[in-house]
Amino acid sequence: MELTLNHFLFVSGILFAIGLSGVLLRRNLIVIFMCLELMLAAANLTLVAFSRFNLQDGQPDYDGHVLLFFIITVAAAEVAVGLAIIVALFRNRETTDVTKINSMKF
Amino acid sequence: MTFLFYLFAAFALIGGIGVVVYRNPVSSAFSMIISFLGLAALFIQLNAYLVGVLQILVYAGAIMVLFLFIIMLINVEDEEKRRFPFFSFIGAGGIAVAFIALLATVLKRFGPGEATIPKIKALEGPGTSDTHQVGELLFSTYWFPIQIVAILLLVATVGVVVLSKKELK
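Note that the protein sequences, when read in sequence, are chains A and B. Here the working numbering is used: the first residue of the first sequence is 20, the next is one more, and so on. Here the working numbering is used: the first residue of the second sequence is 53, the next is one more, and so on.
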């Protein structure tokens, strides 16, 4: 069977759903954050697939690649800040279990 | 081509499932690396060479090392088994399955999705690689967004330093 755009979109969607279920299911803050990154990366696959299937003058649509470049940069910044927040939280509460972090102030 | 697609899609998906099911965060992080490697291979299959390499360098390299570093630093223990796992599994699994079912229904009716991979016109000579094209776009059409991203990175760096200080005032 020939590869179509739907193949790539479907893989991307399944990966997104896996990340979503991880965010809902897991209780460790760090793993939740990793699942969030997984969802972001899944969206990237959609961008690349659309840019490849939308040829401009026989070349892939490089605007999609540029957008992806920005997404990767923002994700890197986000991870740095998010992990710093998790470390600050751990210093306060001595835990990363979200079920034990249930009050704004204590 | 098709076989490679299924192989690397399986890598990405099984790695993703591993992130969710492993109880130990370190195992989760390592299956995440496998997932990102599979995803990078899919990018390269779609002729996005620069982005595929960036995915490996930044995601599978830098970001995951940062995650592993923090996991080691704060000494996370395994999640203990929860007492009533049934409802949370039903909830999370149900939402994921509903999302996939919705996606399948939409994609079935999505006409352009039937398109097969179009042929790329081969270009010869210098300045025709995708790295060159993306770089040229970044510093001509998208010069303003890249300045914003530079400021964002600076803000993130300063923010991390402030957040990591002992006394939060």
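All C-beta atoms in this analysis are idealised placements derived from N, C-alpha and C, irrespective of residue type, glycine included.
Round the Cβ separation of residue i and residue j to the nearest angstrom and send it over; I've been treating them as touching at under 8 Å.
i, j, result
"residue 113 of chain B", "residue 90 of chain B", "Not quite, the Cβ-Cβ distance comes to about 15 Å (not below 8 Å), so this is no contact."
"residue 169 of chain B", "residue 22 of chain A", "6 Å"
"residue 100 of chain B", "residue 26 of chain A", "16 Å between Cβ atoms; not a contact."
"residue 20 of chain A", "residue 54 of chain B", "6 Å"
"residue 123 of chain A", "residue 84 of chain B", "Not confirmed; about 30 Å, so no contact."
"residue 75 of chain A", "residue 173 of chain B", "Their Cβ separation, rounded to whole angstroms, is 10 Å, which puts residue 75 of chain A and residue 173 of chain B out of contact at 8 Å."
"residue 104 of chain A", "residue 215 of chain B", "6 Å"
Is the beta carbon of residue i less than 8 Å from the beta carbon of residue j?
i, j, result
"residue 94 of chain B", "residue 64 of chain B", "yes"
"residue 122 of chain B", "residue 100 of chain A", "no"
"residue 143 of chain B", "residue 43 of chain A", "yes"
"residue 165 of chain B", "residue 57 of chain A", "no"
"residue 102 of chain A", "residue 118 of chain B", "yes"
"residue 151 of chain B", "residue 66 of chain A", "no"
"residue 128 of chain B", "residue 111 of chain A", "no"
"residue 73 of chain B", "residue 92 of chain A", "no"
"residue 94 of chain A", "residue 205 of chain B", "no"
"residue 49 of chain A", "residue 77 of chain B", "yes"
"residue 98 of chain B", "residue 88 of chain A", "no"
"residue 86 of chain B", "residue 109 of chain A", "no"
"residue 55 of chain A", "residue 90 of chain A", "no"
"residue 120 of chain B", "residue 81 of chain B", "yes"
"residue 167 of chain B", "residue 69 of chain A", "no"
"residue 30 of chain A", "residue 61 of chain B", "yes"
"residue 148 of chain B", "residue 36 of chain A", "yes"
"residue 111 of chain B", "residue 139 of chain B", "no"
"residue 103 of chain B", "residue 81 of chain A", "no"
Applying a beta-carbon distance threshold of less than 8 Å, which residues of chain B neighbour residue i?
i, result
"residue 25 of chain A", "159, 162, 165, 166"
Using a Cβ cut-off of 7 Å, pull out every chain A residue sitting near residue i, in sequence order please.
i, result
"residue 145 of chain B", "40"
"residue 59 of chain B", "Neighbours of residue 59 of chain B on chain A: none; closest Cβ ~12 Å, over 7 Å."
Mind listing the chain B neighbours of residue i? Cutoff is C-beta to C-beta under 7 Å, in chain order.
i, result
"residue 53 of chain A", "71, 80, 81, 84, 119"
"residue 85 of chain A", "186, 189, 190, 194"
"residue 62 of chain A", "None at all; the shortest Cβ gap to chain B is about 11 Å."
Name the chain B residues that come within less than 9 Å of residue i, Cβ to Cβ?
i, result
"residue 20 of chain A", "54"
"residue 82 of chain A", "189, 193, 194"
"residue 120 of chain A", "None at all; the shortest Cβ gap to chain B is about 14 Å."
Can you pull the chain A residues whose beta carbon is under 8 Å from the beta carbon of residue i, in chain order?
i, result
"residue 140 of chain B", "43, 44"
"residue 151 of chain B", "32, 35, 36, 39"
Would you list, in sequence order, the uninterrupted alpha helix (DSSP H) runs of no fewer than 4 residues that lie entirely inside the stretch 69-117 of chain A? Runs found: 81-112.
The stretch 162-177 of chain B: positions lying closer than 9 Å to chain A by Cβ: For the stretch 162-177 of chain B, the set of residues with a beta-carbon nearer than 9 Å to any beta-carbon of chain A comprises 162, 164, 165, 166, 167, 168, 169, 170, 171, 172, 173, 174, 175, in chain order.
If you measure beta-carbon to beta-carbon, which residues of the stretch 76-107 of chain B are closer than 9 Å to chain A? Here the close residues are 77, 80, 81, 84, 87, 88, 91, 94, 95, 97, 98, 99, 100, 102, 103, 104, 106, 107.
Taking the runs of the alpha helix (DSSP H) that are 4 residues or longer, which of them lie wholly in the stretch 53-113 of chain B? Runs of the alpha helix (DSSP H) inside the stretch 53-113 of chain B: 54-73, 77-97, 101-106.
Report the residue ranges of all alpha helix (DSSP H) runs contained in full by the stretch 148-217 of chain B; include only those spanning at least 4 residues, in chain order. If we require 4 residues or more, the alpha helix (DSSP H) runs fully inside the stretch 148-217 of chain B come out as 182-190, 195-216.
Compile a chain-ordered list of the residues in the stretch 193-217 of chain B whose CB is closer than 7 Å to at least one CB of chain A. Only 194, 197, 201, 204, 205, 208, 211, 212, 215, 216 from the stretch 193-217 of chain B bring a Cβ to less than 7 Å from some Cβ of chain A.
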